[in-house]
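**Q** My questions will all concern the structure given below.
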């Protein structure tokens, strides 16, 4: 630790949560210390006060609200950031009145956490917080948009910990791909990644599929089964569509996550498992909790960190690179997208997200007899945008929505280089500059 490096004390009874927060704070160039209880934290503050405290409200023994008052008696000016669940929001607001500097709600937003730290104590030492790095991506992975890169930056921060992660987003956006990257970037990468889709399992067999069963446990159980948790021992279990998990099984999943022990159907003997959970859903679990369809304690247990994968229409910079990759995959050789196809792909909203785009390009490659994909090779609802282009044109002197999207996507693809962008668009550099100025003036 350098002489100017500041120290932040992380107080949480969950070891995985402490490590996650500690790793993130360390990525901002702060030194971290940890305490598993309020009593331990108070003793550490008495010995050597840190520069800031991240304090969980729910702690065994003395809770965080009570501890806040003790901290104020020991070190009145010490910045304290409370971390609280939504159900404790009223307590957190009262704590602000009692001397807390700020509070954050679970699931944590790491950008908000960084901003709160910087507001309270500034940057670490004389340096700005480090830009979050994204580890090496698989060659086939496409990430051109800032929105998707932000998701991967957060995934890279949480990957080394054992804290559960909840990945949200509509169907087809690539939630499983993000889960695979979290596993790939974690210390568990040499262990198994087991994928289970809760929506695809018969309700009568979900418990057996998750926790295993003994031979003869029920009719048809002719052989013992270890289940997904034991299959993922030493690795990662990805539970897709966790919002479809039946209510009667949610307490058993919660116990497994809290204790690290599972009991197979038909057995009375619990066994230990070392499994990291990553879950995903396209449902609003917060609304499901309020409707009584999902347990709030399980929700907060699996939702230590929340990753939201944006729909494809919110990351249009990824559309063309994805389309080109799929084209190479399905065509088995070089294939180009015609300019009108490019415009169609950028103008379409892709309600089915990446999965729909992949299917559209697969169809186009099957119908394409040459090395150029034309609008007639696309699904009719996508190809129709080429026929409708004239009606989409803006008034004289203004750019159409499709043309604007094409220019911006190509400019992004060329890294902002206007000369290369003009060449790709088939126009002069002077014409491109004119169009960019027209866009700025609109």
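In the working numbering, the protein residues as written are 13 to 454. Built from N, CA and C at the ideal position, the CB exists for glycine as well.
Three-state secondary structure (DSSP) at residue 240?
**A** Helix at residue 240.
**Q** Anyone know if the C-beta pair for residue 418 and residue 334 falls short of 8 Å?
**A** no
**Q** Thinking C-alpha only, which one of 89, 352, 382 is nearest residue 345?
**A** Ranking 89, 352, 382 by Cα distance to residue 345 puts 382 first.
**Q** Does the pairing of the segment 165-172 with the segment 18-29 give three or more beta-carbon distances under 8 Å?
**A** Touching, no.
**Q** Nearest-angstrom Cα distance between residue 405 and residue 416?
**A** Residue placement at residue 405 cannot be trusted, given a pLDDT of 48 that sits under 50; the coordinates are not used to answer.
**Q** Return the chain-ordered ranges of every beta strand (DSSP E) run that is complete within the segment 65-131 and spans a minimum of 3 residues.
**A** 92-96, 114-117
**Q** Among 263, 302, 223, 287, which one has its Cα closest to the Cα of residue 278?
**A** Ranked by Cα distance from residue 278, the options 263, 302, 223, 287 are led by 223.
**Q** Hey, out of 18, 79, 352, 343, whose CA is closest to residue 371's CA?
**A** If we check each option's Cα against that of residue 371, 343 comes out closest.
**Q** Mapping DSSP to helix, strand and coil, what is residue 215?
**A** coil
**Q** Report yes if the CB atom of residue 352 is closer than 8 Å to the CB atom of residue 322, and no otherwise.
**A** no
**Q** Using C-beta distances below 8 Å, list every residue in its chain close to residue 154, excluding the 5 sequence neighbours before and after it, in chain order.
**A** 330, 333, 334, 337
**Q** Could you check the C-alpha separation between residue 81 and residue 367 for me, to the nearest Å?
**A** Their backbone Cα atoms lie some 52 Å apart in a straight line.
**Q** Give every residue of the same chain whose Cβ lies closer than 7 Å to the Cβ of residue 113, excluding the five residues on either side of it in the sequence, and list them in chain order.
**A** Cβ within range, chain order: 91, 92, 93, 132.
**Q** When the Cα atoms are used, what is the spatial distance from residue 421 to residue 328?
**A** 7 Å
**Q** Check this for me: beta carbons of residue 268 and residue 241, under 8 Å apart or not?
**A** yes
**Q** Would you check whether the ligand GTP has a heavy atom nearer than 7 Å to the C-beta of residue 40?
**A** Summarising the ligand content, the structure contains no ligands, and the ligand GTP is consequently not present.
**Q** Is the beta carbon of residue 95 less than 8 Å from the beta carbon of residue 116?
**A** yes
**Q** Rounded to whole angstroms, what's the CA-CA distance from residue 57 to residue 77? Just pull it up for me.
**A** Rounded to whole angstroms, the gap between the alpha carbons of residue 57 and residue 77 is 16 Å.
**Q** Which residues share a DSSP beta bridge with residue 252?
**A** 209
**Q** Among the candidates 286, 178, 53, 434, whose CA atom is the shortest distance from the CA of residue 68?
**A** 53
**Q** Say whether the segment 241-257 touches the segment 282-294, bearing in mind that this needs 3 or more beta-carbon pairs closer than 8 Å, one atom from each stretch.
**A** yes
**Q** Going by other Cβ atoms of all chains shown within 10 Å of its Cβ, with 16 needed for buried, is residue 214 buried or exposed?
**A** By the neighbour-count criterion, in which a residue is buried when 16 or more other Cβ atoms sit within 10 angstroms of its Cβ, residue 214 is exposed.
**Q** With residue 162 as the anchor, note down where its beta strand (DSSP E) starts and where it stops.
**A** That residue, residue 162, is in no beta strand (DSSP E); its alpha helix (DSSP H) goes 158-170.
**Q** What residue range is occupied by the uninterrupted beta strand (DSSP E) comprising residue 291?
**A** Here the beta strand (DSSP E) through residue 291 covers 288-293.
**Q** Tell me the DSSP secondary structure of residue 273 in three-state form.
**A** strand
**Q** Would you kindly work out how many angstroms separate the C-alpha atoms of residue 307 and residue 314, rounded to a whole number?
**A** 11 Å
**Q** Whole-angstrom Cβ separation of residue 187 and residue 194, contact assumed at under 8 Å?
**A** The Cβ separation is near 11 Å, so there is no contact.
**Q** Quick one: give me the first and last residue of the beta strand (DSSP E) that residue 282 is part of.
**A** Membership of residue 282 in the beta strand (DSSP E) is indicated by the continuous run 282-284.
**Q** Near residue 376, what residues of its chain come up, given a Cβ to Cβ distance below 7 Å and the 5 sequence neighbours on each side ignored?
**A** 385, 389, 390
**Q** In the DSSP output, which residue or residues are listed as bridge partners for residue 179?
**A** 292, 319
**Q** For the putative contact between residue 38 and residue 22, defined by C-beta atoms under 8 Å, what is the C-beta separation to the nearest angstrom?
**A** Wrong, their Cβ atoms sit about 10 Å apart, outside the cutoff.
**Q** So, is residue 183 buried or exposed, given that buried needs 16 or more other C-beta atoms within 10 angstroms?
**A** exposed
**Q** In chain order, what residues of the same chain lie with their CB nearer than 6 Å to the CB of residue 79, ignoring the 5 residues before and after it?
**A** 50
**Q** Could you have a look at residue 268 and say whether DSSP puts it in helix, strand or coil?
**A** helix
**Q** Relative to the C-alpha of residue 205, which residue among 199, 192, 216 is closest?
**A** When only C-alpha atoms are compared, the closest one is 192.
**Q** First and last residue of the beta strand (DSSP E) that includes residue 22?
**A** 19-23
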